[in-house]
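Under this note's numbering, the first residue of the sequence shown carries the number 4, and numbering increases by one thereafter. Have a look at the structure below before the remarks.
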Amino acid sequence: MAAMKENFEKMKEDLAKALAKIKGLEEKMVSLQQENNDLQLQIASEENTLSDAEERCEGLIKSKIQMEAKLKETTERLEDEEEFNAELTAKKRKLEDECSELKKDIDDLELTLAKVEKEKHATENKVYHLLQ
4 MAAMKENFEK
14 MKEDLAKALA
24 KIKGLEEKMV
34 SLQQENNDLQ
44 LQIASEENTL
54 SDAEERCEGL
64 IKSKIQMEAK
74 LKETTERLED
84 EEEFNAELTA
94 KKRKLEDECS
104 ELKKDIDDLE
114 LTLAKVEKEK
124 HATENKVYHL
134 LQ
C-alpha cells in the first residue's frame, strides 16, 4: 500500500510537472502565434511599402523618359536657333558692309554734286559777267 501511495504521489508529481509543462508550452504557443501575427502584419506593411516604392520608381522612370525626350527636343531647337542666329549674323554683316558701301557712294555723290554745283555757280557767274 505504501508503494502504491508512493507511486500515486510520484504520478501526481509527474502529472503536475506535465500540466505545468503543457501550460508553459501553451503560453509559448500563444506568444509565438502573436509573434507570427505581428510578423505577418510587418510583411504586409513591407509589401505595401515595396509596392508603393515600385510604383514611384515606375513613375520616376516615365518622368525621366519624358524629360530626356523634352531635353532632346530643346537641344535640337537650340541647335536650330544657333544655326539661324549664325545665318542672321552673316546677313547682318553683309548688309552692314553694303550699307557702308552705299554711305561711301552717297558721300562721293554729295562731293561730286557739291563740286558740280560750285562749277555751275562759277559758270553762271561767268555767263552773268559776260552778259553785262
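In this text, a Cβ means the ideal position worked out from N, Cα and C, and glycines have one as well.
DSSP, reduced to helix, strand and coil, places Met4 outside both helices and strands of the structure shown, so it counts as coil. Secondary structure at Gln36: helix, using DSSP grouped into helix, strand and coil. For Gln43, the three-state secondary structure derived from DSSP is helix. Taken through DSSP and simplified to helix, strand or coil, Gln69 comes out as helix.
Leu35 has its alpha-carbon roughly 40 Å from the corresponding atom of Met7. Within the model, the alpha-carbon separation for Asn51 versus Lys31 is close to 30 Å.
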